[in-house]
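Student:
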Amino acid sequence: MEEKKFDINSMIGFILLFGIMIWYFYQNQPSPEELEAQKKAETEKVEAENKVKPEEQALTAVTTAEDYSNVSASDSLQQIALRNKLGAFAYASTLPSATDAVTEVETEVLSLKFNNKGGHLSEVKLKAFVDYNDAPIYLVKDGNTNLNINFATTDNRTLNTESLYFQPSVTKNGDNTVVSMKLKVSESKYLEYRYELKPNDYMIDFTIKSQGLDGIVNSSKEVNLDWKLKGYRHDQSITYENRYTRLTYQHEGDKIDKLAQMNDDEEVVSDVSWISYRQHFFSSILVPDSPFKTVSMSSKDLVQDEEVDTVYTKLYASKMPLVVKGGNFDTNMGLYYGPTDSKVLKTYEKNLEESIPFGWGIFGWINKAIFIPLFGFLSSFLPYGIAIIVMTVLVKILLSFVQYKQFLSQAKMKILKPELDAIRAKYKDNKLKAQQETMALQSKAGASPLSGCLPGLMQIPVFYALFMFFPTAFDLRQKSFLWADDLSSYDVIYQFPPGFSIPLYGDHVSLFPILAAIAIFFYMKMTTGQQMANQPTQEGMPDMSKMMKYMIYFSPLLMLVFFNQYASGLSLYYFISNLISIGIMLVIKNYIIDEEKVLAKIQVSKSKPKKQNRFQKKMADMMEQAEKQKQIQQRNRKK
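When we follow full-length UniProt numbering, the leftmost residue of the sequence shown carries the number 1, and every step to the right adds one.
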């Protein structure tokens with residue numbers, strides 16, 4: 001390898017080059033005047049950049065897309081930035097309304113605020129109602145809702161109205177108040193949100209109107225309306241309230257469907273007539289004049305822990321494409337902000353009352369046809385607690401024939417018990433024969449265990465209908481009775497210390513569920529005890545008396561725990577209902593049913609030839625064939 005040597009010429013060259021560079025920088029350094037001018041220019045540039053905030057760059061400052069191509073040298077940095085961001089939609093940023101100011105309007109029932117930014121409602125207060133803490137009811141407040149139109153422009157921009165500024169104006173149309181919010185491209189070209197408020201009305205006429213936007217809005221791409229809302233808590237138990245907070249919608253004519261009650265859910269639905277964001281006793285409902293062709297909707301449960309999640313119940317979201325014709329997308333809708341009250345919702349003749357969970361099928365029919373009109377009539381002249389008691393008495397009187405049938409069946413089974421026990425003793429080694437003879441005796445006497453069960457099953461639709469009626473009856477909201485402050489919520493006679501709660505039971509003690517549980521216990525003790533006494537014991541069969549004995553204690557315990565956080569009006573109903581049932585049972589047992597007369601009727605019935613119906617004949621034939629098959633098997637074993 002060749003050894004490198006020190007090159008004196010290279011060293012001299014580097015020194016000369018370094019000296020020349022120092023001389024050059026010294027000769028070309030700026031004068032003090034030039035340094036001051038440069039510093040001033042940099043300061044002005046920083047100040048100009050600070051004036052252009054990111055959110056302001058979403059606004060517009062030119063009239064048409066053609067204006068954007070003609071940027072003059074005199075245009076400010078802010079105008080240039082806005083044009084770069086929004087193109088044709090810049091004019092609104094030059095107007096005095098380009099702020100976060102609000103427009104306040106009131107009617108007899110609503111107090112509203114409209115925000116210039118986004119052009120939609122930023123606050124909705126229901127003037128006639130308060131929550132459990134006597135605070136005003138707000139359905140919209142502090143950014144819990146958003147109504148946004150997403151669209152594309154012909155110069156390949158995608159814009160959202162939620163970040164653009166509208167120009168407000170308030171006028172009168174007769175007795176109605178009209179709030180116009182315009183997103184202006186120019187004085188003659190704009191997108192308008194038009195709200196018309198009527199006196200004493202919870203429904204707001206809402207029109208989306210566009211003018212002169214053809215050639216600016218790209219009509220070949222979807223224009224989507226997004227509507228989101230987080231439901232505020234209004235009840236003392238957020239878990240109980242959340243159970244009745246749900247997204248409901250009508251589609252394909254008059255079909256009513258719902259998203260999941262307590263879990264996250266989403267659906268894509270066609271031909272949607274209305275969408276209801278129900279917050280138990282209050283609702284926000286969007287009602288288009290013409291059904292939306294498709295809607296993507298979702299519901300998210302925000303209550304995972306009642307001790308932590310105490311403000312919001314559910315997050316709702318709906319996305320629907322608007323019909324675009326030549327760059328314009330005019331749509332007429334209604335916005336309902338008000339109580340979830342069937343009487344109020346019926347007045348709009350849009351089937352909106354179906355957003356209330358009255359129950360499906362026959363249960364909902366019983367509520368709508370009987371209990372709602374009946375309770376409405378009674379509560380029109382009676383205190384609400386007394387109206388519940390009177391309605392309970394009327395229901396029990398109507399169902400008293402059912403109890404009579406049950407006790408009559410129990411009396412017959414009690415009289416026949418000795419004969420039934422004799423049959424089972426006689427044919428203890430032949431269970432099929434014992435069953436045949438038992439059925440034959442019961443048929444002749446006109447007594448059957450099923451005859452006591454079937455009348456009881458008739459009460460189930462009434463039981464379930466009332467179970468759905470009381471938690472959704474708006475008339476009961478914040479109506480007091482005795483120690484209960486609110487019949488639509490639970491009553492409290494003792495509140496546990498802060499932080500202490502019994503699993504499944506809650507953090508308080510309610511008295512009405514305790515009274516109802518006691519009444520149910522004594523009622524079941526009397527009725528089930530009678531059934532246990534009449535129940536024959538069969539070998540190889542489960543001991544039904546033990547199961548009935550457990551039910552005597554399990555049912556009241558279930559009532560005590562489950563209803564502790566339920567509507568006190570419902571517990572009041574069950575308490576009074578079971579007290580009346582006990583009274584009716586004692587009257588029937590002691591004054592109506594005469595066991596000697598029943599026995600005489602049974603003897604007469606037994607003496608008459610009894611024709612079997614088709615079911616009884618088929619059962620007898622099956623049992624006879626089974627008996628023959630058993631005998632054949634026994635003979636084969638002996639061989």
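Heads up, the beta-carbon is just placed ideally off N, CA and C, and yes, glycines get one too.
In its own chain, which residues sit with a C-beta less than 8 Å from the C-beta of Ala-425, not counting the 5 before and 5 after it?
Tutor: Counting only Cβ-Cβ distances below 8 Å, and skipping sequence neighbours, we find nothing.
Student: Is it buried or exposed for Ser-273, if we count other Cβ within 10 angstroms and need 16 for buried?
Tutor: When all chains shown are included, Ser-273 counts as buried.
Student: Between Ala-369, Ile-389, Ser-283, Asn-328, which lies nearest to Gly-355 when the distance is taken from Cα to Cα?
Tutor: Note on residue identity: the sequence assigns Ser, not Gly, to residue 355. Residue Ser-283 is the option with its Cα nearest to Ser-355.
Student: Between the stretch 243-263 and the stretch 297-309, do at least 3 Cβ pairs fall closer than 8 Å?
Tutor: Judged by Cβ distances under 8 Å, the stretch 243-263 makes contact with the stretch 297-309, as three or more pairs qualify.
Student: For Ile-552, does the three-state DSSP call read helix, strand or coil?
Tutor: In the structure shown, Ile-552 sits in a helix (DSSP, three-state: H, G or I).
Student: Under a three-way DSSP split, which group does Ala-387 fall into?
Tutor: Three-state result, Ala-387: helix.
Student: Do you know how far the Cα of Gly-569 is from the Cα of Asp-341?
Tutor: Roughly 17 Å separates the two Cα atoms.
Student: Which residues does DSSP pair with Arg-278 in a beta bridge?
Tutor: Answer by DSSP bridge pairing, in chain order: Arg-246, Ser-283.
Student: With DSSP as the reference, label Pro-54 as helix, strand or coil.
Tutor: With a pLDDT of 42 at Pro-54, under the threshold of 50, the modelled position of this residue cannot be trusted, and the question is left open.
Student: How big is the Cα-Cα spacing for Ser-188 and Thr-153?
Tutor: Using only the alpha carbons, I get a separation of about 18 Å.
Student: Can you give the Cα-Cα distance for Val-492 and Leu-511, rounded to whole angstroms?
Tutor: So the two alpha carbons sit approximately 7 Å from each other.
Student: Measuring alpha carbon to alpha carbon, tell me which of Leu-247, Leu-197, Leu-322 ends up nearest Gly-334.
Tutor: Per the Cα distances, Leu-197.
Student: Quick one: what does DSSP say Thr-145 is sitting in, helix, strand or coil?
Tutor: Strand, per DSSP.
Student: Just how far apart, CA to CA, sit Glu-222 and Asn-160?
Tutor: Cα to Cα, the separation comes out at about 13 Å.
Student: Whether or not the stretch 224-241 and the stretch 302-319 are in contact is what I'm after, with contact meaning three or more pairs of Cβ atoms, one per stretch, closer than 8 Å; do they touch?
Tutor: As far as the Cβ criterion goes, the stretch 302-319 touches the stretch 224-241, which means the pair count is three or higher.
Student: Below 8 Å on the Cβ atoms is my guess for Thr-472 versus Phe-554; work out the distance and round it to an integer in Å.
Tutor: With 8 Å as the limit, Thr-472 and Phe-554 do not qualify as a contact, their Cβ atoms being about 27 Å apart.
Student: Return yes when the Cβ of Phe-206 is within less than 8 Å of the Cβ of Tyr-195, no when it is not.
Tutor: A contact, by the Cβ cut-off of 8 Å.
Student: List the DSSP bridge partners of Tyr-348.
Tutor: In DSSP, Tyr-348 forms no bridge with anything.
Student: Which first and last residues belong to the beta strand (DSSP E) in which Trp-227 is found?
Tutor: Looking at the DSSP string, the run of the beta strand (DSSP E) that includes Trp-227 is 223-232.
Student: Leaving out five residues before and five after Asn-144 in sequence, what residues of the same chain have Cβ atoms less than 6 Å from its Cβ?
Tutor: Correct list, in chain order: Lys-230.
Student: Kindly list the residues whose CB is nearer than 8 Å to the CB of Ile-238, restricted to its own chain and excluding five residues on each side of it in sequence; keep chain order.
Tutor: Only Val-303, Glu-306, Asp-309, Thr-310, Thr-313 meet the Cβ criterion.
Student: Give me, in chain order, the residues of the same chain whose beta-carbon lies closer than 6 Å to that of Gln-478; leave out the 5 immediate sequence neighbours on both sides.
Tutor: Asp-486, listed in sequence order.
Student: If we count Cβ pairs, one from each stretch, closer than 8 Å, do we get three or more for the stretch 239-247 versus the stretch 173-185?
Tutor: Segments in contact, no.
Student: Please determine, among Glu-267, Pro-168, Ser-581, Lys-258, the residue with the shortest C-alpha to C-alpha distance to Phe-521.
Tutor: Ranking Glu-267, Pro-168, Ser-581, Lys-258 by Cα distance to Phe-521 puts Ser-581 first.
Student: At 4 residues or longer, what runs of the alpha helix (DSSP H) sit wholly inside the stretch 113-159?
Tutor: The stretch 113-159 contains no whole alpha helix (DSSP H) run of 4 or more residues.
Student: Among Tyr-337, Asp-271, Trp-227, Phe-329, which residue has its Cα nearest to the Cα of Gln-279?
Tutor: The shortest Cα separation from Gln-279 among Tyr-337, Asp-271, Trp-227, Phe-329 belongs to Tyr-337.
Student: Could you give the distance in angstroms between the alpha-carbon of Ser-97 and the alpha-carbon of Leu-482?
Tutor: Taking the straight line joining both Cα atoms gives about 54 Å.
Student: Count the other C-beta atoms from every protein chain shown that fall within 10 angstroms of the C-beta of Leu-586, then say buried if there are 16 or more, exposed otherwise.
Tutor: Exposed.
Student: Beta strand (DSSP E) containing Met-585: first to last residue?
Tutor: Unbroken run through Met-585 is the alpha helix (DSSP H), 568-587; no beta strand (DSSP E).
Student: With 16 other CB atoms within 10 Å as the buried threshold, where does Met-551 fall?
Tutor: Under this definition Met-551 is an exposed residue.
Student: On the three-state DSSP scale, how would you describe Ser-299?
Tutor: Of the three classes helix, strand and coil, the one that applies to Ser-299 here is strand, per DSSP.
Student: By the three-class DSSP mapping on this structure, what secondary structure does Gly-364 have?
Tutor: Three-state result, Gly-364: helix.
Student: Name the DSSP bridge partner or partners of Gly-334?
Tutor: Note: Gly-334 sits in a beta bridge opposite Asp-205, Val-287.
Student: With a CB to CB cut of under 8 Å and the five nearest residues on each side skipped, what residues in its chain are close to Asn-200?
Tutor: Around Asn-200: Thr-107, Glu-108, Val-109.
Student: Can you pull the DSSP bridge partners for Leu-259?
Tutor: Bridge partners of Leu-259: none, in fact.
Student: My output table needs one value for Glu-162: the three-state DSSP class, helix, strand or coil.
Tutor: Of the three classes helix, strand and coil, the one that applies to Glu-162 here is helix, per DSSP.
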